[in-house]
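Here is the structure we will look at.
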Amino acid sequence: MHHALVVRTPGRGTSDLTRRVQEVVAASGVREGLCNVFVHHTSASLILCENADPQVRRDLEAFAARLVPDGDPLFAHVDEGDDDMPAHIRSVLTHSSLCLPVVDGRCDLGTWQGVYLWEHRTAPHERRVTVSVLGSRG
Amino acid sequence: MHHALVVRTPGRGTSDLTRRVQEVVAASGVREGLCNVFVHHTSASLILCENADPQVRRDLEAFAARLVPDGDPLFAHVDEGDDDMPAHIRSVLTHSSLCLPVVDGRCDLGTWQGVYLWEHRTAPHERRVTVSVLGSRG
Amino acid sequence: MHHALVVRTPGRGTSDLTRRVQEVVAASGVREGLCNVFVHHTSASLILCENADPQVRRDLEAFAARLVPDGDPLFAHVDEGDDDMPAHIRSVLTHSSLCLPVVDGRCDLGTWQGVYLWEHRTAPHERRVTVSVLGSRG
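Protein chains in written order, with the numbering used here: chain D, 29 to 166; chain W, 29 to 166; chain U, 29 to 166.
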């Protein structure tokens with residue numbers, strides 16, 4: 029029921045996981061149930077976001093950079109750099125898990141919904157994601 | 029295990045779904061398990077919020093309007109208007125799914141917890157929500 | 029499948045629940061599945077956060093205090109004090125439920141991920157949390 033994904037990120041920004049998640053659900057054989065997507069890190073997160081206009085994710089990035097500025101003197105946890113603590117905060121304000129309905133053998137997302145991993149560190153990382161599929165093969 | 033709800037919103041603001049979600053759980057016959065509520069859009073979201081004083085949701089709305097201002101020059105994605113990009117951001121900062129314990133045949137919410145759909149667009153919309161109930165009929 | 033935890037908080041701040049959640053999963057006998065952690069309140073919430081440097085959670089607290097200031101004149105819902113409405117907003121912006129993969133009989137968290145209850149009120153509270161474990165004993 030669990031499937032591990034490795035996501036190599038090019039640094040801060042979003043990576044579309046929708047196709048890979050749908051492939052896991054298809055391979056699971058589950059027809060009706062739930063699919064939980066989980067990221068095993070506290071400086072990257074998961075979001076459901078508009079999937080048609082890439083500008084939406086650029087605007088989201090700009091908003092996050094303004095809301096939680098790198099190098100903010102408020103932060104004392106700076107061991108790994110200016111983007112360290114902002115990454116943890118962006119992660120807490122978004123999502124580590126997404127629980128999606130599985131209907132008729134696939135994640136029943138809205139037309140404009142995509143599943144994205146959001147890398148919050150500026151450097152490239154390898155991120156571990158677990159996709160769990162629960163339900164009946166009916 | 030899935031039940032579709034259609035929520036007609038009068039524009040920006042919250043709609044109480046608690047009763048409808050509890051009715052789905054009751055009708056499912058599940059006694060012990062989980063209930064996942066999912067919204068199939070990226071410009072409306074779900075929250076668990078205080079259910080006694082409507083002022084709480086008015087204050088929440090005022091806070092969101094200040095945090096993510098309509099018409100902010102930061103945003104380039106403005107095709108559908110000043111409230112378009114703010115709606116996507118409010119959605120990412122809140123929730124597309126809520127996973128609730130089902131105990132004794134009902135969602136075991138706290139006394140002051142209500143399930144709300146939060147419409148982030150200023151115009152009325154018809155929103156699709158899926159309530160999934162998983163568990164044993166014990 | 030459900031286990032109730034009572035968390036006594038010393039007022040605003042985070043309480044580490046990781047060990048208690050792992051104990052519930054171990055006691056459940058479930059080997060592969062999902063663990064849902066749910067808090068039955070709207071002025072306390074749940075987060076997955078970096079678990080090595082306590083400064084991370086102090087910085088997070090400082091950020092939240094700046095983002096949602098106690099006593100902000102924007103808020104009309106002030107019956108229970110200056111920290112009342114900020115507590116509801118912090119709760120909405122973070123999480124009431126966390127859905128975690130159970131692999132090999134334990135929550136498969138990342139090395140640096142801890143499960144925390146975040147008390148948002150300044151006074152001590154007793155908080156109710158439900159840990160639900162679903163899956164196969166394989």
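Note that the Cβ used here is the ideal one computed from N, Cα and C, for glycine as well.
Listed by chain order, chain D residues near residue i by CB distance under 8 Å
i: W/L121; result: L121 and T122
Contact check, residue i vs residue j, beta carbons under 7 Å
i: D/S73; j: D/H123; result: yes
i: W/V84; j: W/V159; result: no
i: D/E78; j: W/H153; result: no
i: D/G138; j: W/H69; result: yes
i: D/C135; j: D/V53; result: yes
i: U/L121; j: D/L121; result: yes
i: D/D112; j: D/T150; result: no
i: U/S71; j: U/S119; result: yes
i: D/T37; j: D/E147; result: yes
i: U/C45; j: U/L145; result: Reading off the sequence shown, one finds Leu at residue 45 of chain U, where the question assumed Cys. The answer is yes: Cβ separation under 7 Å.
i: W/D98; j: W/P114; result: yes
i: U/G166; j: U/E51; result: no
i: U/N64; j: W/L62; result: yes
i: U/A55; j: U/W140; result: no
Interface partners of residue i on chain U, CB under 7 Å
i: D/I117; result: L88 and F91
Partner residues on chain W for residue i, Cβ-Cβ distance less than 8 Å
i: D/P152; result: The premise fails here: D/P152 is roughly 23 Å from chain W at the closest Cβ pair, so nothing lies under 8 Å.
i: D/R94; result: L102
Neighbour list for residue i in chain W, Cβ cutoff strictly below 7 Å
i: U/C77; result: Result: empty, since nearest Cβ-Cβ is about 17 Å, beyond 7 Å.
i: D/V49; result: Correct list: empty, because the minimum Cβ distance to chain W is about 14 Å.
i: U/L149; result: The question names Leu, yet the displayed sequence has Arg at residue 149 of chain U. Under the 7 Å cutoff, chain W gives no residues; its nearest Cβ is about 13 Å from U/R149.
Chain U residues whose Cβ lies nearer than 9 Å to that of residue i
i: W/G109; result: Those within 9 Å of W/G109 in chain U number zero; the least Cβ separation is about 24 Å.
Chain-ordered chain D contacts of residue i [CB-CB under 9 Å]
i: W/H162; result: Inspection of the sequence shows that residue 162 of chain W is occupied by Leu rather than by His. Ordered by position in chain D, the residues that pass the 9 Å Cβ test against W/L162 are G61, L62, L162 and G163.
Within chain W, the residues that residue i reaches when beta carbons sit closer than 9 Å
i: D/D81; result: H105 and D107
Residues that residue i contacts on chain D, provided the C-beta gap is smaller than 7 Å
i: W/T158; result: P129 and D136
i: U/V52; result: Within 7 Å Cβ-Cβ: nothing; U/V52 doesn't reach chain D, min ~17 Å.
Cβ of residue i within 7 Å of any chain A Cβ
i: U/R94; result: You won't find chain A in this structure, because its protein chains are D, W and U.
Residue i: CB within 6 Å of a non-hydrogen atom of the ligand FAD
i: U/C135; result: Summarising the ligand content, the structure contains no ligands, and the ligand FAD is consequently not present.
Validate contact between the region 124-138 of chain D and the region 86-97 of chain U using beta carbons, cut 8 Å, 3 pairs: no
May I ask you to list, following chain order, the residues of the region 54-75 of chain D that have a beta carbon less than 9 Å from some beta carbon of chain U? L62, N64, F66, V67, H68, H69, T70 and S71
Counting Cβ pairs, one atom from each stretch, are 3 or more of them under 8 Å apart for the region 35-42 of chain W and the region 30-39 of chain U? no
Taking beta-carbon pairs under 9 Å, can you tell me which members of the region 32-44 of chain D lie near chain W? none
Which residues of the region 126-143 of chain D have a Cβ closer than 9 Å to any Cβ of chain W? Give them in chain order. L126, C127, L128, P129, V130, V131, D136, L137, G138, T139, W140, Q141 and G142
Give the list of continuous alpha helix (DSSP H) stretches no shorter than 4 residues that lie fully inside the region 69-115 of chain W. 82-95
At what residue ranges does the region 109-153 of chain W contain a whole run of the alpha helix (DSSP H), taking only runs of 4 or more? 112-121
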